[in-house]
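Numbering (this note's numbering), first residue to last: 3 to 164.
Below: one structure, written as C-alpha cells.
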C-alpha cells in the first residue's frame, strides 16, 4: 500500500527529542509504504520570544523597553499584556491542511494530541472537520498518547490497516 503520508509536530513540544521523533515518524511512514513524506513543523510563537527579550533587556540594562512597547501597543488599540498569552499561530497546520486538500486526503502522523492543543483553532475542530472533509486519517505515533483517542474512534494508533 503506497499512501500519501504527512507529518505534523510542534517543535517546542519535542525539544531535544527531534531526532527520535523524526525517526519514529519515518518508521511509521514506512509501515504505510510511504515513499515521500512531507513534514510540517510548528515553531515557537514569535510574540512570546519578543516579549521575553524585552523583559530581559529591562532587567539587564535597567531600560524600559517593555513599558515603551506596552504604551505603543495601547496607542494602537492592543492589550499587550494579553498578547503573549494569545493562542499560538499555526501556519504549519494551515500548510498541512492545504496539502491534504490538494492531495485529496492522506495519512497524517502526529506524536500526540498535545501537538494540536492551544493553537488558534480548537483541537476538536482540527480533528473532526478537515480530516473528514479531506478524507484524511490521523495516526498518533506515540502509542501511549493515542490510546485514549482510539477508544473514541477518532483516530488510530501507529499500525496500518491491512
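Ideal Cβ positions, reconstructed from N, Cα and C, are used throughout, including at glycine.
Who are residue 8's beta bridge partners in DSSP?
Position 6 of the chain shown, counting from 1, holds the residue named residue 8. In DSSP, residue 8 forms a bridge with 40 and 110.
When DSSP labels each residue in this structure, what does residue 92 get in the three-state scheme?
Here the question's residue 92 lines up with position 90 in the chain shown. Residue 92 falls in the coil class under three-state DSSP.
Through-space distance from residue 22 to residue 106, alpha-carbon basis:
Residue numbering aside, residue 106 sits at position 104 when the chain shown is read from its first letter. Residue numbering aside, residue 22 sits at position 20 when the chain shown is read from its first letter. In a straight line, the C-alpha of residue 106 is about 29 Å away from that of residue 22.
Report the rounded CA-to-CA distance for residue 136 versus residue 24, giving the unit in angstroms.
Your numbering for residue 136 matches position 134 in the chain shown. Your numbering for residue 24 matches position 22 in the chain shown. Cα to Cα, residue 136 sits roughly 24 Å from residue 24.
Backbone secondary structure at residue 141 - three-state DSSP:
Numbered from its first residue, the chain shown carries residue 141 at position 139. Strand at residue 141.
Would you be able to state if there are at least three C-beta pairs under 8 Å between the region 108 to 127 and the region 8 to 20?
Taking one beta carbon from each stretch, the region 8 to 20 and the region 108 to 127 have 3 or more pairs nearer than 8 Å; the two touch.
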